[in-house]
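In my numbering, the protein residues as written are 17 to 398. Glycine included, every Cβ here is placed at the ideal spot set by N, Cα and C. Reviewing the structure listed below.
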Amino acid sequence: MTDDLLPNPALLPAGLRDLLPPDAEIEARSIEAMMECFARHGYQRVRPPLVEFEHSLLAGSGAAVSEQTFRLMDPDSQRMLGLRADTTPQVARIANSRLAQAPRPLRLSYAEQCLRVRGSQLAPDRQISQAGIELIGSDAVEADAEIVLAGAEALAVLGLTEVSFDLTLPTMAAVLLDSAGLAADRRAALAHALDRKDAAAVTALGGSMAKTLARLLLAAGEATPALAALHEVDLPDEARVLADRLTAVVGAIRVRAPHLRLTVDPLEFRGIRYHTGPCVTIYALGHQQELGRGGRYISGEREPATGLTLFPDAILEAAQAPALRPRLYVPAGTDAAAAARFRAEGFATIAALGDETTESAAEARRLLCSHLLKDGAAVPLS
C-alpha cells in the first residue's frame, strides 16, 4: 500500500481529540486546583476503574446513562463490561459497598475521564473530563447548599467569579403531569411543550394543570422574585414539598454567600435522569456550555445523597488561561545544583543535550524557552 493510501495517523474518531501542550498541562493544573479546594472542605478522593461489569455499572442511578455507555466483552470472564459514561454512579457503588461502614455523611471527590456514545450540539466531545464531589448519607438542606458553595469556591480558584447557579426541580414536572391524569400521548406532547417553554401549547394541553403549569413557567429567573412567584402558585401537596425544599436551599446558600448569582427554574428537567430533588446547573456569563451540573439523588437502594460534577473542558474555555511555568534553557556544563535551585523557584529547566553546536540564546528560543541561564541568573529572552 502506498503512503498516500495509508490512513492519516492524526485522524481520530468523531468526538475524540488529542490534548497538546500547553493545554494538557493547563487542564491538569486546573483540575488539581479544584480538587485541592474540595479536599479543604473534607472531600476525600476516590478513583473508580474505567470499566466495570455492566450489571453493576448500570445498577441504580447508573441506569440513567445506559444509552450513553459503551459495552465490550471481557475476554477473561466472558462477561459484558461497561465503560463509564458518568462517575457519580461509580462513587455511589463505592459508598454502598467498600465504604458501607464508613461514618455518614460521607464526603468523596473524584477527577476522571468518561466516554459517551454521543456528544451534544453544544458539547460534541465524547470523551469528557469530570471533577466532582458527592455528599452521601444526609438529607439536610445544608448538604444541598454545601455542594453549590464548594463548587463556587472551586471555580473562583480558577478566576471564574462571574457565574450563575441555576437551581431546578427536575421531578416537579413529572409530579404535576401525574396529577393531571393525562393520556400517554397527550402527556408526552405536554412534556415536550414544557421542555420548549411553549406557554401556548402548555395552556392548550395542560388540562386541569394548565393554569398551574403556565404560572410555573413564569416563576423562573432571578431567585428572589422567582421564589416569590412560586410561593403564590397553588400546588398539590407533593409538589409543594418540592417547592418548599428549593426555597430552603436558596435560603441556606444566601446565609453563607449572599452575593452568589442564583436563578430558579422549577420546571426545568433536562439532564441525567437520576436526580430526585433540587438540582443545579452552572453557567459562566456569556457562555452557553454548562460548567457543571449536580443535585440530589438516591445512592444505592435508599441512601440520600447530593453531588456536583464540574466539566474542566468547558471551564477552561470560559476561564482566563493561567500563567504557564517559565521555561529556562540550561546550557551544557551547568552545575546540577544551580538547575535544581531554579526548578525549586518554579522554572521548568530545559537542559542542553550533548555538545552545544548552536549559540545558547538561539537554541533557547528554538526550544520555546522564556529564559536563559547565564552567569547564574535567569535572563529573560525578548
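Residue range of the alpha helix (DSSP H) that includes residue i
i, result
"T297", "T297 -> not in any alpha helix (DSSP H); beta strand (DSSP E) instead, spanning 291-300."
"F285", "Here F285 belongs to no alpha helix (DSSP H), and DSSP marks it neither H nor E."
"F363", "Element bounds for F363: n/a, residue is neither H nor E."
"D211", "200-211"
Spatial distance of residue i from residue j (CA atoms)
i, j, result
"M96", "Q143", "21 Å"
"V257", "A205", "26 Å"
"V218", "L251", "16 Å"
"T228", "V249", "7 Å"
"I269", "T177", "16 Å"
"G243", "A380", "As written in the sequence, residue 243 is Leu, which differs from the Gly given in the question. Their backbone Cα atoms lie some 60 Å apart in a straight line."
"T85", "A189", "27 Å"
"L221", "A196", "10 Å"
"L66", "E128", "9 Å"
"T325", "S376", "47 Å"
"D34", "Y299", "25 Å"
"L174", "C53", "11 Å"
"E386", "R357", "Reading the sequence as shown, one finds Ser at residue 386 and not Glu. Roughly 17 Å separates the two Cα atoms."
"G310", "L138", "18 Å"
"R359", "A394", "11 Å"
"L262", "A245", "13 Å"
"P347", "A55", "40 Å"
"G98", "L88", "7 Å"
"T292", "V280", "16 Å"
"E41", "P338", "10 Å"
"A159", "D194", "28 Å"
"I110", "T184", "27 Å"
"P320", "P105", "13 Å"
"G302", "R289", "27 Å"
"A330", "E284", "21 Å"
"R286", "P294", "13 Å"
"E83", "L28", "22 Å"
"R100", "T350", "48 Å"
"M50", "A273", "19 Å"
"L171", "Q305", "15 Å"
"R212", "S46", "35 Å"
"A161", "E68", "32 Å"
"A116", "I152", "11 Å"
DSSP three-state assignment for residue i, whether helix, strand or coil
i, result
"G78", "helix"
"S195", "helix"
"L171", "helix"
"A161", "helix"
"E379", "helix"
"A352", "helix"
"A273", "coil"
Exposed unless 16 or more other CB atoms sit within 10 angstroms - verdict on residue i
i, result
"P328", "buried"
"S93", "exposed"
"Q336", "exposed"
"E333", "exposed"
"A166", "buried"
"S145", "buried"
"L122", "buried"
"N112", "buried"
"E361", "exposed"
"G148", "buried"
"L198", "buried"
"A408", "Given that the chain is displayed from residue 17 to residue 398, the structure contains no residue 408 and the question cannot be resolved."
"A259", "buried"
"S398", "exposed"
"R312", "buried"
"G58", "exposed"
"E48", "exposed"
Residue i, enclosing beta strand (DSSP E) - first and last residue
i, result
"S315", "306-315"
"L388", "387-390"
"T437", "Residue 437 lies beyond the residue range present for the chain, which begins at 17 and ends at 398; the question has no answer from this structure."
Within-8 Å CB hit, residue i to chain B
i, result
"R120", "As a matter of chain content, chain B is missing from the structure shown, which is built from one protein chain."
Practice problem: Any chance you could list the beta strand (DSSP E) runs of at least 3 consecutive residues sitting entirely within the segment 325-350, in chain order? | Solution: The DSSP assignment places complete beta strand (DSSP E) segments of no fewer than 3 residues inside the segment 325-350 at 343-346, in order along the chain.
Quiz prompt | Minimum length 3: unbroken beta strand (DSSP E) runs contained in the segment 93-157 | solution = Annotation: the segment 93-157 contains the following complete segments of the beta strand (DSSP E) (minimum length 3 residues), in chain order: 96-99, 122-131, 143-152.
Quiz item: Hey, which unbroken runs of the alpha helix (DSSP H) at 4 residues or more fall wholly within the segment 215-271?
Solution: Taken in chain order, the unbroken stretches of alpha helix (DSSP H) that lie wholly in the segment 215-271 and span 4 residues or more are 215-221, 226-234, 239-248.
Quiz item: Curious, which full-length alpha helix (DSSP H) runs of at least 4 residues does the segment 18-92 contain?
Solution: Runs of the alpha helix (DSSP H) inside the segment 18-92: 39-56, 70-73.
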